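Undergrad:
Chains as they are written, first to last, in our numbering: chain D, 17 to 68; chain Y, 13 to 255.
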C-alpha cells in the first residue's frame, strides 16, 4: 500500500518526502480537529455528576 | 486458490492498515492526554480573563486589592439562565493557572467537556443560604482538578461574579456513589434548613481516570468583597487584566 503510494508520487526523493510530509500534516490536523473530538464524545464518557 | 504472491501482497496491505490504525490510536491518546488538555486549558484561561475584564469595564473600575476588610454578609447572586456563564472560580491549591469559567448546567458535551465548571441548576447560587453545587472533570478536558486530593483545611476557593468576590474555604471531602444526590441538598446529607450558611459543593469523578464513585469537595463561605473593593490579594495576582 505505502510502497505503491511511494511509486506513484512524482518527482525525486525530496519532492516525494515533501508531499508526504504535507499529507501527514493535513491528515493529523483533520484527525485532531474533527475525528478525535467526535470519537472522544462517543467513547470516553466519564461521568462526574451525581444523578439528579 | 490465490497465488502465493497475491496472498502476501494482501497480507502486506492488511499489516500496513493495522500499523496505521495503531499509530492513529496512539495519536488519539496523545491528543486526549496532552493536546486537547492544553487547548481547552488555554481557552478557559482566555475566557475567564475576558469575563473578568468585561465585568471590570462595566464598572469602569481599576482594581486595587485592599487589605482584609469585612464587607458584611454576602448578597445572594441573582442567577442566570440555563447554559449561561456567570462566574469564574480560582483555587490557589490547584495552581496559579487553575482559573476556570462556571456555566449554569452540568451537561457533558456542552459544558463539562469544554473545561467549564458546571452549576447544578436546581441548587443555590453564591452567597445564597444553602448549597452552591458544581461539577467538574477531574482530569483531561482541560481540568485542573487532578490535584484536588491535595486540599488542606482552610484552602481558599475564590468565586468571582459580576457583583464581586466570594471566598469559600475548604472544609472536607466525601466519597460517595454516583447516586448520592443528597450531597446537593441545601445542607449536604441532611434535610435541615441551612439557616444563614452558604456551602460550596464540587463533585468530580473517583477514582482517578474512572467514574465508579464521586469525590465531593465541600467548602463554606467565609467572606465577600464587592467588586468596588477589588479582588482578594491572592486572586488579584492572577488577574493581570486589572492591574
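Backbone N, C-alpha and C define an ideal beta-carbon position, used for all residues, glycine too. Computed from a predicted structure; not experimentally measured.
Going along the chain, which residues of its own chain have a beta-carbon closer than 7 angstroms to the beta-carbon of residue 92 of chain Y, five neighbours each way excluded?
TA: 98 and 116
Undergrad: Can you tell me whether DSSP reads residue 110 of chain Y as helix, strand or coil?
TA: For residue 110 of chain Y, the secondary structure class from DSSP, reduced to helix, strand or coil, is coil.
Undergrad: Could you check the C-alpha separation between residue 21 of chain Y and residue 17 of chain D for me, to the nearest Å?
TA: 9 angstroms
Undergrad: Looking only at C-alpha atoms, which of D:43, D:44, D:51 and D:56 sits nearest to residue 45 of chain Y?
TA: D:56
Undergrad: Report yes if the CB atom of residue 156 of chain Y is closer than 8 angstroms to the CB atom of residue 231 of chain Y, and no otherwise.
TA: no
Undergrad: Does the beta-carbon distance from residue 213 of chain Y to residue 233 of chain Y come in below 8 angstroms?
TA: no
Undergrad: If distances are taken between C-alpha atoms only, which option among Y:241, Y:237 and Y:249 comes closest to residue 86 of chain Y?
TA: Y:237
Undergrad: For the candidate residues Y:219, Y:160, Y:27 and Y:153, whose alpha-carbon lies nearest to that of residue 60 of chain D?
TA: Y:153
Undergrad: Suppose you measure from the CA of residue 30 of chain Y to the CA of residue 37 of chain Y; what does that come to, to the nearest Å?
TA: 11 angstroms
Undergrad: Rounded to whole angstroms, what is the Cα-Cα separation between residue 251 of chain Y and residue 64 of chain Y?
TA: 8 angstroms
Undergrad: Closer than 7 angstroms by C-beta to residue 102 of chain Y: which residues in its own chain qualify, once you throw out the five before and the five after it? Chain order, please.
TA: 110, 111, 170, 247 and 250
Undergrad: Under 8 angstroms, with one C-beta from each stretch per pair, do the region 177 to 197 of chain Y and the region 21 to 36 of chain D reach the 3-pair mark?
TA: no
Undergrad: In or out: residue 185 of chain Y buried (at least 16 other Cβ within 10 Å) or exposed?
TA: Classification of residue 185 of chain Y: exposed, given that the 10 Å Cβ count is below 16.
Undergrad: Tell me the rounded alpha-carbon separation between residue 59 of chain Y and residue 30 of chain D.
TA: 43 angstroms
Undergrad: Verify the CB distance criterion: does residue 23 of chain Y have a CB-CB separation below 8 angstroms to chain D?
TA: It does not; no Cβ of chain D falls within 8 angstroms.
Undergrad: Could you pull the start and end residues of the beta strand (DSSP E) that residue 41 of chain Y belongs to?
TA: Premise fails: residue 41 of chain Y lies in the alpha helix (DSSP H), 16 to 42, not in any beta strand (DSSP E).
Undergrad: Pick helix, strand or coil for residue 238 of chain Y, following the three-state DSSP scheme.
TA: strand
Undergrad: Only counting the same chain, and skipping five residues up and downstream in sequence, which positions put a Cβ closer than 6 angstroms to that of residue 124 of chain Y?
TA: Within the same chain, 130 and 149 come within 6 angstroms of residue 124 of chain Y by CB-CB distance, once the 5 residues on both sides are set aside.
Undergrad: State the CB to CB distance for the pair residue 56 of chain Y and residue 114 of chain Y, rounded to an integer number of angstroms; the pair is presumed to be in contact (CB under 8 angstroms).
TA: That belief does not hold up - the Cβ atoms of residue 56 of chain Y and residue 114 of chain Y are roughly 11 angstroms apart, past 8 angstroms.
Undergrad: For residue 189 of chain Y, which residues from the same chain have a beta carbon less than 8 angstroms from its beta carbon, with the 5 sequence-adjacent residues on both sides left out?
TA: 225 and 226
Undergrad: Quick check: residue 53 of chain Y and residue 104 of chain Y, are their CB atoms within less than 8 angstroms of each other?
TA: no
Undergrad: Looking only at C-alpha atoms, which of D:64, D:63, D:20 and D:48 sits nearest to residue 24 of chain Y?
TA: D:20
Undergrad: Please decide whether residue 8 of chain D counts as near chain Y, where near means a Cβ-Cβ distance under 8 angstroms.
TA: The first residue shown for chain D is 17 and the last is 68, placing residue 8 of chain D beyond what the model contains.
Undergrad: Measuring CA to CA, which of Y:240, Y:210 and Y:191 is closest to residue 140 of chain Y?
TA: Closest option to residue 140 of chain Y, Cα to Cα, is Y:210.
Undergrad: Counting only Cβ-Cβ distances shorter than 8 angstroms, please list the residues of the region 128 to 149 of chain Y near chain D, keeping chain order.
TA: 130, 132, 134, 147, 148 and 149
Undergrad: Would the beta-carbon of residue 64 of chain D fall within 8 angstroms of that of residue 223 of chain Y?
TA: Pairing residue 64 of chain D with residue 223 of chain Y gives a Cβ-Cβ distance under 8 angstroms.
Undergrad: So who's on the other strand from residue 97 of chain Y, going by DSSP bridges?
TA: Y:115
Undergrad: Put residue 66 of chain D into one of helix, strand or coil per three-state DSSP.
TA: coil
Undergrad: In the structure shown, what three-state DSSP assignment does residue 50 of chain D receive?
TA: helix
Undergrad: So the beta strand (DSSP E) residue 183 of chain Y belongs to, where does it begin and stop?
TA: Secondary structure note for residue 183 of chain Y: its beta strand (DSSP E) is the uninterrupted segment 176 to 188.
Undergrad: Sort out for me which residues DSSP pairs residue 213 of chain Y with in a bridge.
TA: Y:145 and Y:230
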